[in-house]
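Number of protein chains: 2
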Amino acid sequence: MEFKIAFIGFGVVGQGLAEIFVEQEAFLKEKYNFNFKVVAISDTVKGSVYDENGLDLKNLLELVKSTGKIDSYQEGIKGWDSLKTITDTNANLILEVAWTDLKTGEPAMTHVKTALKNKKHVVMTNKGPIALAVRELLEIAKENNVEMRYEGTVLSGTPALNLGLYNLAGSGITEARGIVNGTTNYILTEMEKGLSYEDALKQAQELGYAEADPTADVEGYDALGKIVILANTVMGASLHKDEPPCEGITKITAEDIVKAKDEGFRWKLIAGAEIKDDGSVEAYVKPEKIPLDHPLANIMGPTNALTYTTKYLGDVTIVGPGAGRAPTGFALLTDILDINRLLSKS
Amino acid sequence: MEFKIAFIGFGVVGQGLAEIFVEQEAFLKEKYNFNFKVVAISDTVKGSVYDENGLDLKNLLELVKSTGKIDSYQEGIKGWDSLKTITDTNANLILEVAWTDLKTGEPAMTHVKTALKNKKHVVMTNKGPIALAVRELLEIAKENNVEMRYEGTVLSGTPALNLGLYNLAGSGITEARGIVNGTTNYILTEMEKGLSYEDALKQAQELGYAEADPTADVEGYDALGKIVILANTVMGASLHKDEPPCEGITKITAEDIVKAKDEGFRWKLIAGAEIKDDGSVEAYVKPEKIPLDHPLANIMGPTNALTYTTKYLGDVTIVGPGAGRAPTGFALLTDILDINRLLSKS
């Protein structure tokens, strides 16, 4: 089959994937038999363009870089909003990478539901709809015989979620825990080097790791959203995203960090989920003192890591980036290639 | 579809999977829509039994445990050898887990070719045929429109190979390196605790980590076979398994280990493969002094780890068991479930 792709949103993540597409198109076609064209991009700020025969991505990336807009693209239909792009273009794969309100999951939620109901595959990196309604969305996908994927919602392109969903299927996963927020891990790493919390946060903001309003990171809510997604999708839980106990790193002082190190420990913000004996799943986010010889203690800077505890393999840990333009762009690609692999058999 | 499975070989690995099947049959059917029955087992020592309607695995495991044989199983046809079991039973999936000569790859090579040419899917854990002829075998599988998988040849059930082949497809892998032999890593770990090489080796043998003849492990040949498989399958190389430079751990003394530690390093047996600028792939096995703050330095005991260096994700590392009854049995299951996932779509 040929994938005809529409980008809903063309910010950092969308552009990250577009850059990979431009660089790797020939390789992806040859090596993975992945045939595609990008037919539409719709972004509330940068504009919208649709050409059923395919867009020139390289040209569009240059336009965004030089003008911040895609309006001056020479060909195609302009001005279609997200929903019209989802429903009325010939796209059969929708990439949902628009800005989204984490509390309501909108407008991503509506985008995803509309796409699935119109029998279009969906790949997304927005946590909102998955944290709020993954079961319902997977059910709609199934009813319409299309695929929905969201690897990028946890550890960006590091395949933590697909590892649990596919590679470790049948391994008897009983627990997952790890460092799933790079901003806080970076701050803790810098504090160990001697910076105050305030200076470490400021540095994280300057480097683009932390937002101007760092609340979601430092209070643990970002990590909580990720572990809830993981618990609900990999471990069969039905947790609401605000339900599990959540404590961030704001109460940890430079003195705490030095003291722990002297005792052979290192403070880490740990997100975890565990299947209890009665089958229920408990999740949490909290700072923990980890022994220095434990693998998670040695994950430094913005790097993320997740350990699955399983019945047949014991512990399996994956370590990799948790954010960034290329890694999150790649998260979309890994899901798209998996859908391509599945559908190539049919 | 329904998988009708034949075990060629019923040693530690085959029994490892059989135990998982017995424990998880209902769960695997419900959760992954994996419908299967085991129709045949053929083992040169333990005997052979075939029933087109399915065997009672629990009963067979008990027989092996109590008598070392499966001959006294009440039902079915007895005495078919490996090749007859592959060609003449109604099995559509062959599990190749027989004893194999690493130099010639036989009899596994003949088993696998025969199965593929008879249009039967193959999943195996034997390194021989893959290290010697993976390209040819994949070509035969393709010609006959069946799947061939071999996750268990590298890091047992820790999904190191499938991570590179599938999850990191398109990430731009340029290098893979890691600790892929648990026996030598266990010996080095114990030597750091104060044991001599001889005592550490003896302990590894008592625990079942090392063979009576430990040459393949301690001289690096086992690690070499794994990195060659990885280079040839994930990185597109065409290396012969005896080609790359290979040095084991036998020259490392207790003094070397103490001295390295004092300097902030730890000796590890590293297997690596790298894509060079001209597109060629160079592989090697050699002991290296790794800085103590490097993730690979903290992989202790029989645990394995592999780091992929990629263009879009930077480094992605997976850590997990590299051997053992349940982990290697699970390696077969992860491949079988992936084939089931692919074929469920068709």
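So the protein lines, in turn, are chains A and B. First residue of the first sequence? That's 847 in my numbering, and the numbers climb one at a time after it. First residue of the second sequence? That's 847 in my numbering, and the numbers climb one at a time after it. Just so it is clear, CB atoms sit at the ideal spot from N, CA and C, and this is done for glycine as well. If you're wondering where the values come from, they're calculated on a predicted model, not measured in any experiment.
Restricting to Cα atoms, I'd like to know which of the options is closest to residue i.
i                 : options                                       : result
glutamate 869(B)  : Lys949(A), Val1162(A), Gly1018(A), Leu1142(A) : Gly1018(A)
threonine 1156(B) : Gln920(B), Leu1014(B), Val884(B)              : Leu1014(B)
threonine 890(A)  : Tyr1067(A), Pro975(A), Gly855(A), Glu871(A)   : Gly855(A)
leucine 1142(B)   : Pro1133(B), Lys930(B), Thr1153(B)             : Thr1153(B)
glutamate 1101(B) : Glu1038(B), Phe1176(B), Leu1053(B)            : Glu1038(B)
glutamine 920(A)  : Gly900(A), Glu1052(A), Glu1065(A), Ile851(A)  : Gly900(A)
tyrosine 896(A)   : Leu903(A), Ile887(A), Leu1183(A), Ile1095(A)  : Ile887(A)
threonine 960(B)  : Asn879(B), Ser1084(B), Cys1092(B), Leu983(B)  : Leu983(B)
glutamate 1128(A) : Glu1089(A), Leu1047(A), Ala852(A)             : Glu1089(A)
cysteine 1092(B)  : Met1081(B), Leu1070(B), Gly1040(B)            : Leu1070(B)
leucine 978(A)    : Lys988(A), Leu948(A), Asn990(A)               : Leu948(A)
glutamate 985(B)  : Leu962(B), Leu1007(B), Val1000(B), Thr999(B)  : Leu962(B)
leucine 1085(A)   : Glu1120(A), Gly1054(A), Pro953(A)             : Glu1120(A)
aspartate 902(A)  : Leu1011(A), Phe867(A), Tyr878(A), Ser928(A)   : Phe867(A)
glycine 1160(B)   : Ser894(A), Val1165(A), Tyr1032(A), Glu993(A)  : Val1165(A)
lysine 893(A)     : Leu1011(A), Lys883(A), Val968(A), Leu906(A)   : Correcting the residue identity first, residue 893(A) is glycine in this sequence and not lysine. That would be Leu906(A), whose Cα lies nearest to the Cα of glycine 893(A).
alanine 937(B)    : Lys1097(B), Leu929(B), Lys850(B), Leu1189(B)  : Lys850(B)
Assign residue i to buried or exposed, taking buried as 16 or more other Cβ atoms, counted over all protein chains shown, within 10 Å of its Cβ.
i                  : result
proline 1137(B)    : exposed
tryptophan 926(A)  : buried
leucine 945(B)     : One detail in the question is off: residue 945(B) reads as tryptophan in this sequence, not leucine. Tryptophan 945(B) comes out exposed.
glutamate 997(B)   : buried
serine 1042(B)     : exposed
alanine 1117(B)    : buried
lysine 1087(A)     : buried
threonine 1061(B)  : exposed
lysine 965(B)      : exposed
valine 1104(A)     : exposed
methionine 970(A)  : buried
asparagine 1027(A) : buried
asparagine 1008(A) : buried
methionine 922(A)  : According to the sequence shown, residue 922(A) is glycine rather than methionine. Its Cβ being crowded by 16 or more others within 10 Å, glycine 922(A) is buried.
aspartate 1184(B)  : buried
lysine 1122(A)     : exposed
serine 1002(B)     : buried
Compare the C-beta of residue i against all C-beta atoms of chain B and say whether one is closer than 8 Å.
i                     : result
leucine 1009(A)       : yes
alanine 1172(A)       : yes
glycine 1003(A)       : yes
phenylalanine 1176(A) : yes
isoleucine 1164(A)    : yes
proline 1137(A)       : no
aspartate 1063(A)     : no
aspartate 1184(A)     : yes
asparagine 1144(A)    : yes
lysine 1191(A)        : yes
tyrosine 1130(A)      : no
threonine 960(A)      : no
proline 1167(A)       : yes
Answer yes or no: does any C-beta atom of chain A fall closer than 8 Å to that of residue i?
i                  : result
glutamine 870(B)   : yes
glycine 1160(B)    : yes
asparagine 1150(B) : no
valine 1080(B)     : no
isoleucine 1116(B) : no
leucine 874(B)     : yes
leucine 984(B)     : no
isoleucine 866(B)  : yes
asparagine 1013(B) : yes
leucine 1053(B)    : no
leucine 1188(B)    : yes
Where DSSP assigns a beta bridge to residue i, which residues make up the other side?
i                  : result
leucine 939(A)     : Ile851(A), His967(A)
valine 891(A)      : Answer is none; valine 891(A) lacks a bridge partner.
methionine 994(B)  : Val968(B)
glutamate 1152(A)  : Note on identity: in this sequence residue 1152(A) is leucine, with glutamate being the wrong assignment. Paired residue(s): Gly1024(A), Ile1164(A).
asparagine 1008(B) : For asparagine 1008(B), which the question treats as bridged, DSSP gives no partner whatsoever.
proline 1137(A)    : Phe1111(A)
asparagine 881(B)  : Glu848(B)
glutamate 1120(B)  : Glu1021(B), Glu1128(B)
tyrosine 1032(A)   : Bridge partners of tyrosine 1032(A): none, in fact.
lysine 924(A)      : Val895(A)
Problem - Contact set between the region 1016 to 1033 of chain B and chain A, restricted to residues whose Cβ is under 8 Å from the partner - result: Gly1016, Ser1017, Gly1018
Problem - Residues of the region 918 to 932 of chain B whose Cβ lies closer than 8 Å to any Cβ of chain A, in chain order - result: none
Exercise for the section: Check distances from the C-beta atoms of the region 875 to 886 of chain A to those of chain B and list, in chain order, the residues that come in under 7 Å. Expected result: Tyr878
Practice task
Anything in the region 1088 to 1106 of chain A with a Cβ closer than 9 Å to a Cβ of chain B? List those residues in chain order, please.
Solution key: none
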